[in-house]
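Have a look at the structure below before the remarks.
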Amino acid sequence: MAHRARPMTPPRPARARVPSFREDRWLGRVFFGPRRLMYVGPLAPTDPHAHPTFQVLLSLDAPVRLRDARQQEVECQAAVVPPDAEHAIVEGALTTVLLHVPAEDLVGRRLATLGIGAEAAAWGAAGERLRACGIDRLPVRWAEAEAQTQVLLRELQAEAGVAKPTHPAVKKLLRLLPESLEEDVRLATLAPRVGLSVGRLSHLFSAQVGFPLRPYILWLRLHRAAEHLQQGASLTEAAHAAGFTDSAHLNHAFRRTFGLKP
1 MAHRARPMTP
11 PRPARARVPS
21 FREDRWLGRV
31 FFGPRRLMYV
41 GPLAPTDPHA
51 HPTFQVLLSL
61 DAPVRLRDAR
71 QQEVECQAAV
81 VPPDAEHAIV
91 EGALTTVLLH
101 VPAEDLVGRR
111 LATLGIGAEA
121 AAWGAAGERL
131 RACGIDRLPV
141 RWAEAEAQTQ
151 VLLRELQAEA
161 GVAKPTHPAV
171 KKLLRLLPES
181 LEEDVRLATL
191 APRVGLSVGR
201 LSHLFSAQVG
211 FPLRPYILWL
221 RLHRAAEHLQ
231 QGASLTEAAH
241 AAGFTDSAHL
251 NHAFRRTFGL
261 KP
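So in UniProt numbering, spot 87 of the sequence shown is number 87, and the numbers just go up one at a time.
Quick look at the structure:
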């Protein structure tokens with residue numbers, strides 16, 4: 001019989017937790033795929049935050065406790081948090097898979113048809129089918145991470161509808177942006193490049209991608225900074241490479257998006 005995600009209950013004394021010395025650090029591995037990001041390892045508490053991606057969470061040991069913007073909580077083994085939904089990890093686990101899926105990609109647009117709401121209970125319910133997906137250990141190599149990504153996305157898309165088509169101007173902009181982060185990326189500059197007015201592009205981008213252009217550009221910059229950090233760059237070097245003023249600017253943006261320090 002299927003298990004339903006349940007509202008938060010007081011933690012049991014025997015419940016496995018991330019040890020306190022890891023409460024402010026994530027000590028796992030990060031895998032970068034084509035426009036996707038996977039983190040595997042300990043999941044620690046975070047500040048409230050939101051990001052322009054679908055966040056797919058699977059715990060291989062203890063349940064994870066999540067809190068939404070209305071302070072409602074859910075305890076679950078798996079969850080799917082939709083883009084732009086404020087959330088916080090209240091209690092983590094030691095062995096977890098966390099996958100970020102861009103909302104503007106084909107898979108993301110298919111996941112949008114599931115209609116996952118901004119409430120914590122909805123996130124746990126959306127992740128229920130992942131409990132039986134067959135993943136029982138964390139990946140250690142890129143090929144394993146990609147295989148697990150495909151398993152998770154296949155399970156989630158099983159009940160998804162057909163993705164809505166993307167306007168040609170939005171498609172063009174999505175292609176332009178990753179290579180234009182060093183340039184002027186204000187709406188007033190971008191709109192003529194895709195043949196739309198500023199107002200029309202702003203409305204169309206938000207309607208089709210699911211969030212405004214500015215946080216999307218911030219996400220691209222953070223992704224680039226994370227890549228440089230993974231390659232051994234210092235915070236200052238990564239910040240400059242991604243278009244941030246300095247490491248403090250990067251720290252602030254990272255905490256606002258992920259709820260923790262880089």
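Just so it is clear, CB atoms sit at the ideal spot from N, CA and C, and this is done for glycine as well.
Option nearest residue i by Cα separation, candidates the options
i: P215; options: T53, V74, K171, E119; result: T53
i: L58; options: V198, L156, S206, L250; result: L156
i: A122; options: E73, A225, R131; result: E73
i: F244; options: L220, Q231, G232; result: L220
i: A145; options: P192, V97, A120, L190; result: V97
i: G41; options: I89, A225, H51, T95; result: T95
i: A118; options: H223, S234, A85; result: A85
i: G210; options: A112, V81, V107, V101; result: A112
i: P45; options: H100, A93, L138, E128; result: A93
i: G195; options: P212, K171, P102, L218; result: K171
i: R186; options: L138, A125, L213, S206; result: L213
i: L222; options: L201, S206, S202, L250; result: L250
Close Cβ partners of residue i (< 6 Å) along its chain, the five nearest in sequence each way excluded
i: T236; result: S247
i: R131; result: Q77, A78
Bounding residues of the alpha helix (DSSP H) (the contiguous stretch that carries residue i)
i: F205; result: 198 to 209
i: R36; result: Run containing R36: none in the alpha helix (DSSP H); it sits in the beta strand (DSSP E), 36 to 43.
i: P215; result: 213 to 230
i: V194; result: 187 to 194
i: T236; result: 235 to 241
i: K164; result: It is not in any alpha helix (DSSP H) - K164 carries neither H nor E in the DSSP assignment.
i: G28; result: From DSSP, G28 is part of no alpha helix (DSSP H); its letter is neither H nor E.
i: A158; result: Unbroken run through A158: none, as it is neither H nor E.
i: A50; result: That residue, A50, is in no alpha helix (DSSP H); it is neither H nor E in DSSP.
i: A132; result: From DSSP, A132 is part of no alpha helix (DSSP H); its letter is neither H nor E.
i: A85; result: Unbroken run through A85: none, as it is neither H nor E.
i: L111; result: 106 to 112
i: A118; result: Run containing A118: none; DSSP gives neither H nor E here.
Own chain partners of residue i with C-beta closer than 8 Å, once the 5 adjacent residues on each side are dropped
i: D136; result: L60
i: R110; result: Q157, A160, G161, V162, A163
i: H167; result: L204, Q208
i: L27; result: G41, P42
i: G127; result: A5, V56, L57, L58, C76, Q77, A78, A79, V80
i: A233; result: A241
Residue burial classification, residue i (beta-carbon count within 10 angstroms, cutoff 16)
i: H87; result: buried
i: D184; result: exposed
i: H252; result: exposed
i: R193; result: exposed
i: Q150; result: exposed
i: Q231; result: exposed
i: V56; result: buried
i: E179; result: exposed
i: Q71; result: exposed
i: V140; result: exposed
i: G108; result: buried
i: G115; result: exposed
i: Q148; result: buried
i: P82; result: buried
i: L106; result: exposed
i: P102; result: buried
i: E23; result: The predicted model places E23 with a pLDDT of 44, which falls under 50 and marks its position as unreliable; any figure quoted below should be read in that light. Exposed: under 16 other Cβ atoms inside 10 Å.
Beta-carbon proximity list for residue i, same chain, < 7 Å, skipping 5 on both sides
i: W142; result: F31
i: R67; result: E73, H87, A88, V90, A120
i: A188; result: V198
i: R224; result: L181, A241, A242
i: E104; result: L174, V209
i: C133; result: V151, L152, E155
i: R29; result: V40, G41
i: L218; result: A253, T257
i: E227; result: F32
Delimiting residues of the beta strand (DSSP E) encompassing residue i
i: L99; result: 93 to 102
i: R67; result: 64 to 68
i: A78; result: 78 to 81
i: T53; result: 53 to 59
(message) With a threshold of 8 Å, are at least 3 pairs of Cβ atoms found where one atom belongs to the region 175 to 194 and the other to the region 66 to 78?
(response) no
(request) Evaluate contact between the region 62 to 73 and the region 35 to 42, counting only Cβ atoms and requiring at least three cross-stretch pairs below 8 Å. (result) no
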